[in-house]
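A.B. asks:
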Amino acid sequence: MESLGTYLRNERELRQISLEEIAQTTRIPIRMLQRIEDDDLDALPGEVFARGFLKSYATSVGLDAEDVLGRYGRRDQPEEDSAPAPITAITPPEKGRRFGIAIALVILLILFTLALSIVLRPRHRDTPIELSQASTQVLDARV
Numbered sequence: 408m409e410s411l412g413t414y415l416r417n418e419r420e421l422r423q424i425s426l427e428e429i430a431q432t433t434r435i436p437i438r439m440l441q442r443i444e445d446d447d448l449d450a451l452p453g454e455v456f457a458r459g460f461l462k463s464y465a466t467s468v469g470l471d472a473e474d475v476l477g478r479y480g481r482r483d484q485p486e487e488d489s490a491p492a493p494i495t496a497i498t499p500p501e502k503g504r505r506f507g508i509a510i511a512l513v514i515l516l517i518l519f520t521l522a523l524s525i526v527l528r529p530r531h532r533d534t535p536i537e538l539s540q541a542s543t544q545v546l547d548a549r550v
C-alpha cells in the first residue's frame, strides 16, 4: 500500500497541478506541502494543522477529503499482514533487591535519628571552675 504522501503526489501529478498552484489556492506554505508529500507529517505544526492542511490539499486537488483524512488516521496502524508483537512475561522484582532497599532505609533512619539527636541535644554552658568558686565566695561574703 502506498503512503499518504505518495498517493497525494501521484494524484496531483495525474491532474497536472503544481505545488505552487495548491499553495496559492490553500494558502499553505510550499515547504509544508512538500513535507506532506514526503510523508514528513511529524514536522507539521500539530495534529489540528496537519488535518486541516490535508483536507485543504485534498479539496484543491479534487480528492475526497474524508478519504484522505481516513488514510491519515490509519497511517500508524499496522497492516493486517504484519505479525503481532511478541508478549513478554512480567517478572516480579528480585527479593535481593527488596532486601537491599530495606537495609538502605534502616541505615538512613539511623543516620537521621543520630543527626536529630545531635542538633536537639541541650547545650550546657558550664562556667569555669575558677569563676564558679569565686562567685561562691562572693555570695558567702554577702551573707
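Going from the sequence shown to the numbering used here is simple: count from 1 and add 407. The beta-carbon is built from N, C-alpha and C at its ideal position, and this holds for glycine as well.
Just reading off the alpha helix (DSSP H) that T498 is part of, what are its end residues?
C.D. replies: Residue mapping note: residue 498 aligns to position 91 of the sequence shown, counting from 1. Per DSSP, T498 belongs to no alpha helix (DSSP H) and is neither H nor E.
A.B. asks: Are F460 and I424 close, meaning C-beta to C-beta below 8 angstroms?
C.D. replies: Residue mapping note: residue 460 aligns to position 53 of the sequence shown, counting from 1. Residue mapping note: residue 424 aligns to position 17 of the sequence shown, counting from 1. It is not a contact, given that the beta carbons lie outside the stated cut-off.
A.B. asks: Just to confirm, are Y464 and I429 a CB contact at a threshold of 8 angstroms?
C.D. replies: As a working note, residue 464 is residue 57 in the sequence shown. As a working note, residue 429 is residue 22 in the sequence shown. Their beta carbons are under 8 angstroms apart, which means Y464 touches I429 by this criterion.
A.B. asks: Does the beta-carbon distance from G412 to D449 come in below 8 angstroms?
C.D. replies: Mapped onto the sequence shown, residue 412 falls at position 5. Mapped onto the sequence shown, residue 449 falls at position 42. Going by C-beta atoms, G412 is not nearer than 8 angstroms to D449.
A.B. asks: What does the alpha-carbon distance come out to for the pair P491 and R481?
C.D. replies: Counted from its first residue, the sequence shown places residue 491 at position 84. Counted from its first residue, the sequence shown places residue 481 at position 74. Approximately 17 angstroms, taken between the alpha carbons.
A.B. asks: When burial is assigned at 16 or more other CB atoms within 10 Å of the CB, is I514 buried or exposed?
C.D. replies: On the sequence shown, position 107 is the one that residue 514 refers to. Exposed is the call here.
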